[in-house]
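J.: First the structure, which I've put down as structure tokens, then a few questions once you've had a look.
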Amino acid sequence: MKIAQILNNLRESIILCNRCRCGFCRSRCPTYIASHIESLGARGRNLLAQALLEEYVPLSKTLADRFFTCTMCGYCREVCPLQVDTVKIVQKIRTYLVVEGFYNSNIRELRENIMNYSNPYGKPIKSKTTWTENIQFYKRGKTLLFGGCVYSLQDPEVLRITAQLLLRAGVKLNYLPNEPCCGYPLLCLGFQKEFEDIAKKNTELLLEANVEEVVTSCPACAETLKQYSEYIGKAYFKVLHITEYLKELIERGEIQLSHAIPLEVTYHDPCHLTRYLKKYEEPRKIIRSIPGVVLKEKPHNKLESICCGGGGGILITNPKMALQISDILLQDLLETGVTTVITSCPTCKRNIETIIKLRKAKMTCMDIVELVEKAVKI
Ligand code: SF4
Ligand code: SF4
Numbered sequence: 071m072k073i074a075q076i077l078n079n080l081r082e083s084i085i086l087c088n089r090c091r092c093g094f095c096r097s098r099c100p101t102y103i104a105s106h107i108e109s110l111g112a113r114g115r116n117l118l119a120q121a122l123l124e125e126y127v128p129l130s131k132t133l134a135d136r137f138f139t140c141t142m143c144g145y146c147r148e149v150c151p152l153q154v155d156t157v158k159i160v161q162k163i164r165t166y167l168v169v170e171g172f173y174n175s176n177i178r179e180l181r182e183n184i185m186n187y188s189n190p191y192g193k194p195i196k197s198k199t200t201w202t203e204n205i206q207f208y209k210r211g212k213t214l215l216f217g218g219c220v221y222s223l224q225d226p227e228v229l230r231i232t233a234q235l236l237l238r239a240g241v242k243l244n245y246l247p248n249e250p251c252c253g254y255p256l257l258c259l260g261f262q263k264e265f266e267d268i269a270k271k272n273t274e275l276l277l278e279a280n281v282e283e284v285v286t287s288c289p290a291c292a293e294t295l296k297q298y299s300e301y302i303g304k305a306y307f308k309v310l311h312i313t314e315y316l317k318e319l320i321e322r323g324e325i326q327l328s329h330a331i332p333l334e335v336t337y338h339d340p341c342h343l344t345r346y347l348k349k350y351e352e353p354r355k356i357i358r359s360i361p362g363v364v365l366k367e368k369p370h371n372k373l374e375s376i377c378c379g380g381g382g383g384i385l386i387t388n389p390k391m392a393l394q395i396s397d398i399l400l401q402d403l404l405e406t407g408v409t410t411v412i413t414s415c416p417t418c419k420r421n422i423e424t425i426i427k428l429r430k431a432k433m434t435c436m437d438i439v440e441l442v443e444k445a446v447k448i
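Residue numbers (the numbering used here): 71 to 448.
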């Protein structure tokens, strides 16, 4: 497939960006801040996009690297005065690079793992369910808890707490014991065809399971599941992030936060939750409704939140730069002077914990669900 076809709808905005070249996006593009290399920023990527479109730059490993290191944080899109969708442009160019075979062995392995094992780590699908022991789900329940690969395999305790909170609040919670990957890593890394197949299969699976709404703690899963309708042509189910769902349950009194926790915390907004889904008030409302908890905002919060260094596949395409980005976030967190950071994404939590440990910072990171559990005391 020709690059002109792939970038068809985005051609105008690429040209517009290259006429304007305002560079507003550079102020917070994490890969530019970490590298100070123009082609590793949003503006530089759009310049390369035009060069590709006009066919005066050949495909190369270095060129592919410029697009595969984008964290898909969405900051550039947020600040662009011309609403240039650099995230979409990067994603489409990745599709082209994949078709042309310009991607590395780590990306290839991740694709194989998802296609063969339904998770990016290549673990047996059964190992995604370790946390479900002794939990009674409703087989035909209309509300489905979608665990997601990262929580299921790297932080399963959060899922156990989430399920218990919802079941105790009276939610007839369904769960798929053979839960598939939502397909986000495939979509963001350019495997468009594979993603479309997964979106169709997963939609059928959810419909067979009688599901009307999906609740997930993973912001990337939430955003991806919401996107299925674009590929299927119709939205068959509602998708909610756990912070939206918990906020409602708390406001209706179905979850009561009765135990005071005397604690100063800061909150880290995950890119997918804040800039993609615009859900930054919900977690704050939850945190503020816990007696004793004081929320101290970090300098860059809500739509200006700094990427944790784990988005867009950068952990496998450029782990060194991922760490540099985590360092930038850590400085922002440390400026608050508090020692507890709350977040609501498994990848953010993992990256924050890694950088805290590496820099021996006096700070701990907690998922918002873990904080709620302390206030409810299951
Ligand atoms: S999505 Fe983030 S990392 Fe990628 S170009 Fe935009 S600001 Fe930079
Ligand atoms: S802010 Fe928008 S128009 Fe300006 S350089 Fe960045 S992407 Fe281009």
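All residues carry an ideal CB built from backbone N, CA and C; glycine is no exception.
Quick caveat: nothing in here was measured; it's all calculated off a predicted structure.
Return the first residue and the last residue of the beta strand (DSSP E) that Cys435 is part of.
T.: Note, Cys435: beta strand (DSSP E), 434-437.
J.: List in chain order the residues whose CB is within less than 7 Å of at least one heavy atom of ligand 1.
T.: Working through the chain, the matches are Cys95, Arg98, Cys99, Pro100, Thr101, Tyr102, Gly111, Ala112, Arg115, Cys140, Thr141, Met142, Cys143, Gly144, Tyr145, Cys146, Arg147, Thr156, Val157, Val160, Cys377, Gly382.
J.: Using a Cβ distance threshold of 8 Å, determine whether the region 172-189 contacts the region 248-261, with at least three qualifying pairs required.
T.: In short, these stretches touch, since the Cβ pair count reaches three.
J.: Less than 8 Å separating the beta-carbons of Gly379 and Ile395?
T.: Taking 8 Å as the Cβ cut-off, Gly379 and Ile395 qualify as a contacting pair.
J.: Going straight from the alpha carbon of Ala445 to that of Leu327, what length do you get?
T.: Approximately 5 Å between the Cα atoms of the pair.
J.: For the alpha helix (DSSP H) that Ile425 lies in, which residues bound it at each end?
T.: First-last of the alpha helix (DSSP H) with Ile425: 416-428.
J.: Nearest to Ala134 by CA position, among His329, Ala292, Tyr191, Val160, is which residue?
T.: The residue with the shortest Cα to Cα distance from Ala134 is Val160.
J.: Let's see if you can read the secondary structure: which residues bound the beta strand (DSSP E) around Leu214?
T.: Here the beta strand (DSSP E) through Leu214 covers 213-216.
J.: Does Val335 come out as helix, strand or coil in the three-state DSSP assignment?
T.: Of the three classes helix, strand and coil, the one that applies to Val335 here is strand, per DSSP.
J.: Whose C-beta lies closer than 8 Å to the C-beta of Tyr301 among residues of the same chain, with five residues either side of it excluded?
T.: Same-chain partners within the cutoff: Phe265, Glu266, Ala269, Lys270.
J.: On the CB-based measure, 16 or more other CB atoms within 10 Å of its CB, does Gln75 come out buried or exposed?
T.: Gln75 is exposed by the Cβ-count criterion.
J.: Which complete alpha helix (DSSP H) runs does the region 167-215 hold, if anything under 4 residues is left out?
T.: Fully enclosed alpha helix (DSSP H) runs of 4 or longer: 175-187.
J.: How long is the line joining the alpha carbons of Leu246 and Asn280, rounded to whole angstroms?
T.: Computed Cα separation, rounded: 11 Å.
J.: Thinking Val442 and Glu334 are a contact (beta carbons under 8 Å), I'd like their distance in whole angstroms, please.
T.: Going by Cβ atoms, the distance from Val442 to Glu334 rounds to 17 Å, so no, they are not a contact pair.
J.: By DSSP, does Thr406 sit in helix, in strand, or in coil?
T.: Note: Thr406 maps to coil in three-state DSSP.
J.: Hey, could you find the ends of the beta strand (DSSP E) Thr313 is sitting in?
T.: Unbroken run through Thr313 is the alpha helix (DSSP H), 312-321; no beta strand (DSSP E).
J.: Could you tell me whether any non-hydrogen atom of ligand 2 is closer than 7 Å to the CB of Gly303?
T.: Outside the cutoff, so no.
J.: Determine the direct distance from the alpha carbon of Gln234 to that of Gly114, and round the result to whole angstroms.
T.: Their Cα atoms are separated by approximately 47 Å.
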